[in-house]
Amino acid sequence: MGVGNRVFLERDLPSKELIEKFSTLPAANVADTMGRLCAMHSDIKLMSKPTKFMCGPALTVKARPGDNLMIHAALDISQPGDIIVVSNEGDRSQALMGEIMTVYSASFLKLGGIVLDGPMRDIDSIGKMDFPFYASGTTPGGPYKEGPGEVNVPIACGRISVNPGDIILGDQDGVIVIPREDAEAVYEQALKLSEGDQAKVTAASEGKNNRAWVRNTLEKKSVDFIQGKWYNS
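Counting from 5, one number per residue, gives the positions in the sequence shown under the numbering used here.
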């Protein structure tokens, strides 16, 4: 076995029931229950037009920058509903996937989505697809297919750690990572927050939300409130 050039065929997976539960929650609400430290960098944006949230288990890929050989390897061992999550060492020079691979992923393999820490291409077609596709941007420059790389190993994507089998949740705001071992507890907290969140939205629309905390916090931080205008002397 060569470290840096291997494919693990097995991983621990969350239950389908738990994935279904998370698929109804906005990513922002879940992130708020996790110390707000689970969201991928805003470089990684939604590039397509899915009609529902992306939610599924991570099938991780550690790719050589600008190379998609191990993405192809991951596709060949994927299961329906998997989210392919790709580390690319921050490279932005080559597109890692295009229309052919994406149509294969969505239509034949029935994957749950794609998350690339790098560019894609064929935005004119992928951008219209009802399939969750996240990437850092677009470029016409295609990928190499040489490797090395790894599949189903810990990676970093969007500056966030991702382990095989972690739950990946994405919507129009972006993508978050829910560690598989913590998912049950996170869901219970996120559900409570989501149930209370709508009440806050309603109160805000009517001007009934409690804003006293703002002044209290500013005073605790010794902010000066000056009755007068700023001016240059």
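Note that beta-carbon positions come from the ideal geometry of N, C-alpha and C, so glycine has one too.
Residue span of the beta strand (DSSP E) that contains residue i, given as start and end
i    : result
T64  : 58–67
L29  : Segment: none, L29 is in no beta strand (DSSP E) and carries neither H nor E.
V166 : 164–166
R15  : That residue, R15, is in no beta strand (DSSP E); it is neither H nor E in DSSP.
I159 : 159–161
Three-way DSSP call (helix, strand, coil) for residue i in this model
i    : result
L41  : coil
K233 : coil
T206 : helix
E154 : strand
K49  : strand
Whole-number beta carbon distance between residue j and residue i, since they are thought to touch under 8 Å
i    : j    : result
P136 : L100 : Rounded, the Cβ-Cβ distance is 16 Å, inconsistent with contact.
P158 : L63  : About 13 Å separates the two Cβ atoms, so there is no contact after all.
D80  : P61  : Not quite, the Cβ-Cβ distance comes to about 17 Å (not below 8 Å), so this is no contact.
P144 : G70  : In fact, because the Cβ distance is near 13 Å, the residues do not count as touching under 8 Å.
Proximity to residue i [Cα-Cα], best of the options
i    : options               : result
R10  : K25, V65, Y148, M58   : V65
R184 : A31, V7, S19          : S19
V90  : G39, I164, D126       : I164
K132 : V205, E150, S198, T55 : T55
A31  : L17, I182, F12        : I182
V7   : A216, P152, L22       : P152
F112 : P84, L120, V227       : P84
Q193 : T28, V34, E24, F12    : V34
D134 : E14, I172, T106, E24  : T106
E93  : A77, L120, K114, E103 : L120
F229 : R219, Y235, A207      : R219
Q98  : S226, A139, I118      : A139
M58  : T206, I88, I127       : I88
A77  : V155, D177, I130      : V155
I23  : Y235, M74, G174       : G174
Residue interval of the alpha helix (DSSP H) (run including residue i)
i   : result
I81 : 73–81
Fully enclosed by the region 119–145, which beta strand (DSSP E) runs are 3 residues long or longer? 137–139
Run through the region 168–230 for me and flag every whole alpha helix (DSSP H) of 4 or more residues, listed as ranges in chain order. 187–209, 216–224
Give the list of continuous alpha helix (DSSP H) stretches no shorter than 4 residues that lie fully inside the region 87–122. 103–107
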